[in-house]
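Read through the structure below, which is laid out as C-alpha cells, and then see the notes.
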Amino acid sequence: MVSKMFDNVNKISFKKRPIALSAEYRPLFKIVQLMLVLKICSQREKASLLKLHLFSWMMRNQEEMENTNKLIRTNQLDTIPIWRLEPSLNRALNFAVAEQLLIHKDGKYSLADKGKVFIQEILNDEDFMKVEKSFLKSVGKRITEKKVRELSKTWGGSQSVKV
C-alpha cells in the first residue's frame, strides 16, 4: 500500500530556508536555564517537575521576570495565573538525564556530578545568561516546593500565598 502511494514520486527535494528556532525551544538553552534554577533557587539543588515548569514560565521573557519580582516584593505571588506546562521542557529534562547532567529520583530533579561541573562554568561566565542569573538570584530560594504546591492548588481559586 505505502509503495503504491509513492509510485508517481520521482524525486523529493528539500530547500534549506533560514528559520530561526526560538531559544526557548532549544534543548541546551532550556537545560542550562533549569540547571540554574536548581543551583540558585532550589533547596539542596533539587526541584519537582512542577517547580521547574513554574520557573521556566516565569523566565520566558523580561516582562514576566519583572512581574514575578514585583509580585514577590508585594507579597502577591498568589496572583500568578495558571502557568504553562511545556513539552519542550520535558524533552530538555529527558535529554539532560540521558547526558547525566541531571538525576531524576523520587519525583525530583537534581544536579549530577557532571551537571555541577557544567553549571559552575556557566556561573563563572559573567556575561552568559546574565539576565536569567540576575533574576534567579533576586528570587533566591523564596519559592519553595510547598509554595509551588499551594500555587497549583489555587488554579481556579483565590487562596493567599505569602512569599
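Number 164 marks the last residue of the sequence shown (this note's numbering); no jumps.
Cβ atoms here follow ideal geometry from the backbone N, Cα and C, with glycine treated the same way.
Which residues mark the beginning and the end of the alpha helix (DSSP H) in which residue 123 is found?
Reading the sequence shown from its first residue, position 122 is the one you call residue 123. Counting along the chain, the alpha helix (DSSP H) containing residue 123 begins and ends at 114 to 125.
Under DSSP, the beta strand (DSSP E) around residue 47 begins and ends at which residues?
The sequence position of residue 47 within the sequence shown is 46, counting from 1. Where residue 47 is concerned, the enclosing beta strand (DSSP E) stretches over 47 to 49.
Where residue 86 and residue 53 are concerned, what is the direct C-alpha to C-alpha distance, given to the nearest angstrom?
Numbered from its first residue, the sequence shown carries residue 86 at position 85. Numbered from its first residue, the sequence shown carries residue 53 at position 52. Approximately 9 angstroms between the Cα atoms of the pair.
Helix, strand or coil at residue 40 according to DSSP, with G and I counted as helix
Counted from its first residue, the sequence shown places residue 40 at position 39. The DSSP-derived three-state label of residue 40 is helix.
Starting from residue 71, trace the beta strand (DSSP E) in both directions and tell me its first and last residue.
Counting from 1 along the sequence shown, the entry for residue 71 is found at position 70. Secondary structure note for residue 71: it is in no beta strand (DSSP E), and the uninterrupted alpha helix (DSSP H) holding it is 63 to 74.
Cβ contact (3+ pairs, closer than 8 angstroms) linking the stretch 45 to 52 and the stretch 61 to 70
Because the criterion of three Cβ pairs below 8 angstroms is not met, the stretch 45 to 52 and the stretch 61 to 70 do not touch.
Please classify residue 159: does DSSP put it in a helix, a strand, or coil?
Walking along the sequence shown from the start, residue 159 turns up at place 158. Residue placement at residue 159 cannot be trusted, given a pLDDT of 49 that sits under 50; the coordinates are not used to answer.
According to DSSP, which residues form a beta bridge with residue 102?
Taking the first residue of the sequence shown as position 1, residue 102 is located at position 101. Residue 102 pairs with nothing; no bridge assigned.
With DSSP as the reference, label residue 52 as helix, strand or coil.
Here residue 52 corresponds to residue number 51 of the sequence shown, with the count starting at 1. Residue state, collapsed to three classes: helix.
Pull up the distance between the alpha-carbon of residue 122 and that of residue 17, whole angstroms please.
Residue 122 sits at position 121 when you count from the first residue of the sequence shown. Residue 17 sits at position 16 when you count from the first residue of the sequence shown. In a straight line, the C-alpha of residue 122 is about 34 angstroms away from that of residue 17.
Less than 9 angstroms separating the beta-carbons of residue 56 and residue 38?
Taking the sequence shown and counting its residues from 1, one reaches residue 56 at position 55. Taking the sequence shown and counting its residues from 1, one reaches residue 38 at position 37. Less than 9 angstroms separates the beta-carbon of residue 56 from that of residue 38.
Once the 5 residues before and after residue 109 are set aside, which same chain residues still bring their CB inside 7 angstroms of it?
Working through the sequence shown from its first residue, we reach residue 109 at position 108. Cβ neighbours of residue 109 within its own chain (closer than 7 angstroms, five residues either side excluded): 47, 48 and 49.
Can the beta-carbon of residue 115 be found less than 9 angstroms from the beta-carbon of residue 124?
For the purposes of this step, residue 115 is identified with residue 114 of the sequence shown, where counting begins at 1. For the purposes of this step, residue 124 is identified with residue 123 of the sequence shown, where counting begins at 1. Cβ atoms of residue 115 and residue 124: not closer than 9 angstroms.
Quick check: is any heavy atom of the ligand FMN less than 8 angstroms from the C-beta of residue 103?
Here there are no bound small molecules, and the ligand FMN is not part of this structure.
Closest to residue 138 by C-alpha separation, out of 102, 43 and 97, would be which residue?
The residue you call residue 138 lines up with position 137 of the sequence shown. The shortest Cα separation from residue 138 among 102, 43 and 97 belongs to 43.
Distance between residue 107 and residue 5 (C-alpha atoms, nearest Å)
As a position in the sequence shown, residue 5 is number 4, starting the count at 1. As a position in the sequence shown, residue 107 is number 106, starting the count at 1. Caution is warranted here: a pLDDT of 48 is assigned to residue 5, below 50, making its placement in the model unreliable, and no coordinate value can be reported.
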